[in-house]
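Asks:
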Amino acid sequence: MSQLQPFDLGQVRDFAQSWSGDRQGLAAIALAAVQALGADAASQAAAQGLAEPGCVAVVCGQQPALGGGPLYNLIKAAAAIAWAQSLQEQGLPAVAIYWCASDDHDAGEADHVDIVGRNGLLRRLRSPLPRPGLALHWQPAAPGLEMLAAAADQLPGSGLGRAWWQARQAADGEGLGAWQCRLLQACFPESGLICIEARQLRPLWSALAAESLPRWPAAELAQRRRELLSQGLPPAFGDLAYPPWFQDSQDGRRPITPAELDQRLRRNSQDCSPGAALRPILQQLALPAAIYCAGPGELAYHRFLSPIYPALGALPPQLCPRPQISLHDGWLRRGLAAWGLSSAELAPAQALPRPIAAADPSLDLLAQAHQDLAKLVQQAHDEDHQRRLRSGLERLGRLRHELQRSLERGERRRANRPPIGHLRNWLYPRNVAQERVLSCWQALNQYGPELVHRIQACLAAGEKDCKIS
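Below is the structure:
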């Protein structure tokens, strides 16, 4: 499994022996969560297995979003399942958990999908969240899904998964986080995946919540921040002078000030939601997360948070990078073959090759005319004459360039090659990896649930290109 970073088995064993969280409480919460989602027997058994001494979790997560968010959500879940299965094969009880950060309230990431066309052009579909300012678990999933259903005809491809997707509609009153968990459970049947919203785990860290303020390592965090910034790293967080907590209710999500923090956390921490800098540490207190599947942004910001783990008595996980996989269906593979290229050669950092047009006498004539006119510019008898000749020289240069590009296009078409920019833009929309822009909605509509099996097969084989027939 070369796509999956090897983990330190000894470190996982040490973690399993050292983690001291509430296993019985966690198992009860996880079982209730997956049962509410209608999860199968394998996921229910995995949830119950969390009560077993020594059981560890391989965790991945993301905030919920319209259409299931970016494709990397499927890749993260598939990777977590593969790592958990690898641990099981080596004699360690392990489960895969998708942590849905539905207590977030970032509407800018959650309220849209981008359709990636075969020409690489993007069309954004937006469905404003019905309850602005509230956390995502308060946002109903139905309005956005209804908008996507009406837009399904805009998707490229044959729509192999359209009927499957239509069966994933939201239940009455179902929040965006619960719906995304239900979607992922349906994508990975019989895998033992546990999808759970972060807010459901609040009882497991409530006892420590009030201690987060007096034990907060503000000085150590400030020193760590200075060290990393001096190394040229961009700041992942602002000032972390006190633990970031938010009030999370139907009245809105707002920061809890330091003055009210201690009293509020001691009175009722169940309506308190941790901010991004605190969430990973509370995750470790609630879950026996020996391995965390992290994207590039998560890997970067975890470096700033290292002082918080010992201060709050949490064991840090092994951070394993999220694998990268891009979807290659038939038209893309044919296009790459026609150009004699691999997908890696179309990465944004690489210069795009251009077809070489066959020698054409028209280009030679224009080149000679350009040289002759350039000489006349130098010999012009006054400034006005020279200005007019120079203007003509520039137009002649543009004409020669346009003719050359036209001849190259003709050469490309004779060779049955698609525009190379279309290939790059499909693989790297907005010059980033495909899985960061292409949505689960588009991918599952185009390819159906079989896509998930192909992703799992690609991970098992160590392939970065997931070939879709």
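Residue numbers (this note's numbering): 6 to 474. Glycine residues also receive a C-beta, built at the ideal position from the N, C-alpha and C atoms. What you are looking at is a predicted structure, and each value in this text was computed from that prediction instead of being measured.
1) Is MET6 helix, strand or coil when you go by DSSP?
2) Can you check which of these residues, ALA349, ILE313, ALA319, TRP24, is closest to ILE330 by C-alpha distance?
3) Along the chain, which unbroken stretches of the beta strand (DSSP E) at least 3 residues long are found entirely within the stretch 173-217?
4) Considering only residues of the same chain and omitting the five flanking positions on each side of PRO321, which have a CB-CB separation below 6 angstroms?
5) Based on the DSSP secondary-structure assignment, which residues constitute the bridge partners of GLN323?
6) Helix, strand or coil: which one does DSSP assign to ARG220?
7) Does the Cβ of HIS142 have 16 or more other Cβ atoms within 10 Å, making it buried, or fewer, making it exposed?
8) Could you check the C-alpha separation between TRP88 and GLN323 for me, to the nearest Å?
9) Counting only C-beta atoms, is PHE309 closer than 8 angstroms to chain C at any point?
10) Check whether the stretch 52-72 and the stretch 160-168 touch, using three or more Cβ-Cβ pairs below 8 angstroms as the test.
11) What do you reckon, are the CB atoms on GLU195 and ALA47 nearer than 8 angstroms?
12) Does DSSP put TYR103 in a helix, a strand or coil?
13) Is the Cβ-Cβ distance between LEU337 and VAL121 less than 8 angstroms?
14) So TYR247 and PRO263 are supposed to be a Cβ contact under 8 angstroms. How far apart are they, rounded?
15) To the nearest angstrom, report how far apart CYS200 and ALA38 are at their CA atoms.
16) What span of residues does the beta strand (DSSP E) with GLN16 cover, start to end?
17) Just the Cα atoms here: how many angstroms apart are GLN29 and CYS471?
18) Going straight from the alpha carbon of GLN384 to that of GLN391, what length do you get?
19) Taking the straight line between their C-alpha atoms, what separation do you get for LEU181 and PRO133?
20) So, at 7 angstroms on beta carbons, what are the nonlocal neighbours of ARG475 in its own chain, with the 5 sequence-adjacent residues on each side left out?
21) Measure the alpha-carbon distance for ARG459 versus ALA82 and round it to whole angstroms.
22) Below 8 angstroms, how does it come out for the stretch 143-158 and the stretch 430-443: are there three or more Cβ pairs, yes or no?
23) Are there 16 or more other CB atoms within 10 angstroms of the CB of ALA420, so buried, or fewer, so exposed?
24) Between the Cα of LEU332 and the Cα atoms of TYR77, LEU408, LEU310, which residue gives the shortest distance?
25) From which residue to which residue does the beta strand (DSSP E) around ILE120 run?
26) Using CA coordinates, which residue listed in LEU283, ASP276, ASN273, ALA101 is at the minimum distance from ALA241?
27) Label GLN68 either buried or exposed according to how many other C-beta atoms from any shown protein chain fall within 10 Å of its C-beta, with 16 as the threshold for buried.
28) Might you give, ordered along the chain, the residues of its own chain that have their beta carbon closer than 7 angstroms to the beta carbon of LEU234, omitting 5 neighbours on each side?
29) For ALA295, is the classification buried or exposed, using 16 other Cβ atoms within 10 angstroms of its Cβ as the cut-off for buried?
30) When the Cα atoms are used, what is the spatial distance from VAL118 to ALA33?
31) So, does the stretch 287-306 touch the stretch 391-410, judging by three or more C-beta pairs under 8 angstroms?
32) Looking at VAL457: is its Cβ nearer than 8 angstroms to the Cβ of LEU79?
33) Please say whether ARG429 and GLY519 have beta carbons closer to each other than 8 angstroms?
34) According to DSSP, is PHE309 helix, strand or coil?
35) Just the Cα atoms here: how many angstroms apart are GLN95 and PRO358?
36) Less than 8 angstroms separating the beta-carbons of LEU290 and TRP344?
Replies: Let's see:
1) Within the sequence shown, the letter at position 1 stands for residue 6. Note on MET6: pLDDT 38, under 50, position unreliable in the model; the coordinate value appears next. The answer is coil: DSSP assigns MET6 none of H, G, I, E or B.
2) Start at 1 with the first residue of the sequence shown, and residue 330 comes out as number 325. The shortest Cα separation from ILE330 among ALA349, ILE313, ALA319, TRP24 belongs to ALA349.
3) 199-202
4) Reading the sequence shown from its first residue, position 316 is the one you call residue 321. Hits under 6 angstroms: TYR314.
5) Residue numbering aside, residue 323 sits at position 318 when the sequence shown is read from its first letter. Residue pairing for GLN323: DSSP places it in a beta bridge opposite ILE296.
6) The count along the sequence shown starts at 1 and reaches residue 220 at position 215. The answer is coil: DSSP assigns ARG220 none of H, G, I, E or B.
7) Position 137 of the sequence shown holds residue 142. HIS142 comes out buried.
8) As a working note, residue 88 is residue 83 in the sequence shown. As a working note, residue 323 is residue 318 in the sequence shown. Going from the Cα of TRP88 to the Cα of GLN323 covers about 12 angstroms.
9) Of the protein chains in the structure, only one exists, and it is not chain C.
10) no
11) Working through the sequence shown from its first residue, we reach residue 195 at position 190. Working through the sequence shown from its first residue, we reach residue 47 at position 42. A contact, by the Cβ cut-off of 8 angstroms.
12) Residue 103 sits at position 98 when you count from the first residue of the sequence shown. Here TYR103 sits in strand by DSSP.
13) In the sequence shown, the residue the question calls residue 337 occupies position 332. In the sequence shown, the residue the question calls residue 121 occupies position 116. No.
14) Here the question's residue 247 lines up with position 242 in the sequence shown. Here the question's residue 263 lines up with position 258 in the sequence shown. Rounded, the Cβ-Cβ distance is 5 angstroms, consistent with contact.
15) To locate residue 200, count along the sequence shown from 1; it is residue 195. To locate residue 38, count along the sequence shown from 1; it is residue 33. Approximately 8 angstroms, taken between the alpha carbons.
16) Start at 1 with the first residue of the sequence shown, and residue 16 comes out as number 11. In the DSSP assignment, GLN16 falls outside any beta strand (DSSP E) and lies within the alpha helix (DSSP H) extending over 14-23.
17) As a working mapping, residue 29 is identified with position 24 in the sequence shown. As a working mapping, residue 471 is identified with position 466 in the sequence shown. Their backbone Cα atoms lie some 39 angstroms apart in a straight line.
18) One-based indexing of the sequence shown puts residue 384 at position 379. One-based indexing of the sequence shown puts residue 391 at position 386. So the alpha carbons of these two residues sit roughly 8 angstroms apart.
19) Position 176 of the sequence shown, counted from the first residue, corresponds to residue 181. Position 128 of the sequence shown, counted from the first residue, corresponds to residue 133. If you take the alpha carbons of LEU181 and PRO133, they lie about 13 angstroms apart.
20) Because the chain spans 6 through 474 in this model, residue 475 falls outside it and cannot be assessed.
21) For the purposes of this step, residue 459 is taken as the residue at position 454 of the sequence shown. For the purposes of this step, residue 82 is taken as the residue at position 77 of the sequence shown. So the alpha carbons of these two residues sit roughly 13 angstroms apart.
22) Segments in contact, no.
23) One-based indexing of the sequence shown puts residue 420 at position 415. ALA420 should be labelled exposed.
24) Within the sequence shown, the letter at position 327 stands for residue 332. When each option's Cα is compared against that of LEU332, the closest is TYR77.
25) By one-based count along the sequence shown, residue 120 stands at place 115. Unbroken beta strand (DSSP E) run through ILE120: 117-121.
26) For the purposes of this step, residue 241 is taken as residue 236 along the sequence shown, with counting starting at 1. Of LEU283, ASP276, ASN273, ALA101, the residue nearest in Cα terms is LEU283.
27) Numbered from 1 along the sequence shown, position 63 holds the residue referred to as residue 68. Under this definition GLN68 is a buried residue.
28) In the sequence shown, the residue the question calls residue 234 occupies position 229. PRO240, listed in sequence order.
29) Residue numbering aside, residue 295 sits at position 290 when the sequence shown is read from its first letter. Its Cβ being crowded by 16 or more others within 10 Å, ALA295 is buried.
30) Here residue 118 refers to the residue found at position 113 of the sequence shown. Here residue 33 refers to the residue found at position 28 of the sequence shown. Each residue's Cα considered, the two are about 35 angstroms apart.
31) no
32) For the purposes of this step, residue 457 is taken as residue 452 along the sequence shown, with counting starting at 1. For the purposes of this step, residue 79 is taken as residue 74 along the sequence shown, with counting starting at 1. Yes, the Cβ-Cβ distance between VAL457 and LEU79 is below 8 angstroms.
33) Residue 519 lies beyond the range of the chain shown here (6 to 474); nothing can be said about it.
34) In the sequence shown, the residue the question calls residue 309 occupies position 304. Helix.
35) Numbered from 1 along the sequence shown, position 90 holds the residue referred to as residue 95. Numbered from 1 along the sequence shown, position 353 holds the residue referred to as residue 358. Those two C-alpha atoms are separated by around 47 angstroms.
36) For the purposes of this step, residue 290 is taken as the residue at position 285 of the sequence shown. For the purposes of this step, residue 344 is taken as the residue at position 339 of the sequence shown. In this structure, the beta-carbon distance from LEU290 to TRP344 does not fall below 8 angstroms.
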